[in-house]
Every structure is written in structure tokens, then in C-alpha cells.
Amino acid sequence: MKSVLKIKPPVWFWLIAVAALVWNGMGLMAFIDQMQMTTDDFAKLPKFDQQMYNTTPIWVTIAFGAAVIFGVLGSLAMLVRKDWASNFFLISLLAVLVQMTHMFFFSGFFQEKGWDMAMMPVAIVVVAVLLWSYAVTAVARHWIY
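With our numbering, the residue at position 16 of the sequence shown is 21, and numbering never jumps.
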């Protein structure tokens, strides 16, 4: 059996892990809402948003789902102090990058809505990077193992 150095994480580790779960949980709820959108809900969307939904490639939707599912799994892994949290957060980050690459460069979203709408997508990328790097740091400091 492998001997593992286990160090008690600081209080802010737990605060960040819970915040990560809330953040990724909100993303998961947004994904579920999108997947369960009814035709009535769809009809209420602005025309450009309807066009966006109709022309978004399936791989972007899969990336969205993977990003939030692996984000939730990474958050849960942090809460139970498992080192595979960093792997889950890395997969989530890569999926976020795939999704946002499409949004920023191929969808026409910002040309239609304006670049002031970029704050949330940029925040999603930044948080994904920070959560992955935080999990890597937590492994290095033996807070998770």
C-alpha cells in the first residue's frame, strides 16, 4: 500500500471547493435548462438566439455538457479530497475552451450582441483555469490525495 502525505487544508480550501460546486452546479442547471427547452420557450427567444440554437454544432453542445459535468465532478472530488479533481477540472477546462472558441470565433455572437456581452464567457474561461490550477496546487500541497 502506498503511503501518502496528508496535510489538513486551510479553511479557504473548503470555501473555494464549495464555491466551485455552486458555480459548476449553476452551469449544470443552465445546461439542463437548455436541453429541456420546450418549443414554447424557444419561440419566446429573440430571433438571433433562435438562430444560434439552430446552428450550433452538436460538438459545441457536447463540450458544454462535458464542461459542466466534469466541473461538478471536480468540485465534488475536491470536497472529498481526491487528487483526481485536477484531472476532472482539466477536462472541464478543455471543454470550456472548445465551447468558447466556437462562441468567440465562429458563431457571430459578439458581432450581433456586442463585445460588452463577453464578460460572462471570459469569466467562465478564467474560472475554469483557476479551478484547474487550484486543484493542481492542492495536490502539490497534499491537501488532496
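We treat Cβ as the ideally placed atom computed from N, Cα and C, and that holds for glycine.
Status (buried if at least 16 other CB within 10 Å, exposed otherwise) for residue i
i           : result
residue 64  : exposed
residue 67  : exposed
residue 31  : exposed
residue 75  : buried
residue 79  : buried
residue 21  : buried
residue 72  : buried
residue 37  : exposed
residue 29  : buried
residue 104 : buried
residue 90  : buried
residue 58  : exposed
Cβ neighbours of residue i in the same chain (closer than 7 angstroms, five flanking residues each side left out)
i          : result
residue 44 : none
residue 88 : 144, 149 and 150
residue 82 : 89, 90 and 93
Same chain, Cβ closer than 8 angstroms to residue i, neighbours up to 5 away in sequence not counted
i          : result
residue 33 : 73, 74, 76 and 77
Residue i CB to nearest heavy atom of the ligand SAM below 7 angstroms
i          : result
residue 96 : Questions concerning the ligand SAM fall outside what the structure shown contains, since it holds no ligand whatsoever.
Close-in-space but distant-in-sequence residues of the same chain around residue i (CB under 6 angstroms, 5 per side omitted)
i           : result
residue 10  : 147
residue 151 : What the structure shows of the chain is the stretch from 6 to 150, and residue 151 is not part of that stretch, so it cannot be assessed.
residue 86  : 149
residue 107 : 65
Chain B contact for residue i (CB, 8 angstroms cutoff)
i           : result
residue 114 : Absent here is chain B; the protein component of the structure consists of one chain.
Closer than 8 angstroms is the cut-off here; do at least three beta carbon pairs connect the segment 92-110 with the segment 128-146? Contact between the segment 92-110 and the segment 128-146 is present, because at least three Cβ pairs lie under 8 angstroms.
Could you say if the segment 41-57 and the segment 87-95 meet the contact criterion of at least three C-beta pairs nearer than 8 angstroms? When C-beta atoms of the segment 41-57 are compared with those of the segment 87-95, fewer than three pairs fall below 8 angstroms, so the two segments do not count as touching.
Return the chain-ordered ranges of every alpha helix (DSSP H) run that is complete within the segment 65-123 and spans a minimum of 4 residues. DSSP runs (the alpha helix (DSSP H)) wholly in the segment 65-123: 90-110 and 114-118.
Which residue spans inside the segment 19-43 form an unbroken alpha helix (DSSP H) run of at least 4? Secondary structure remark: continuous alpha helix (DSSP H) runs of at least 4 residues inside the segment 19-43: none found.
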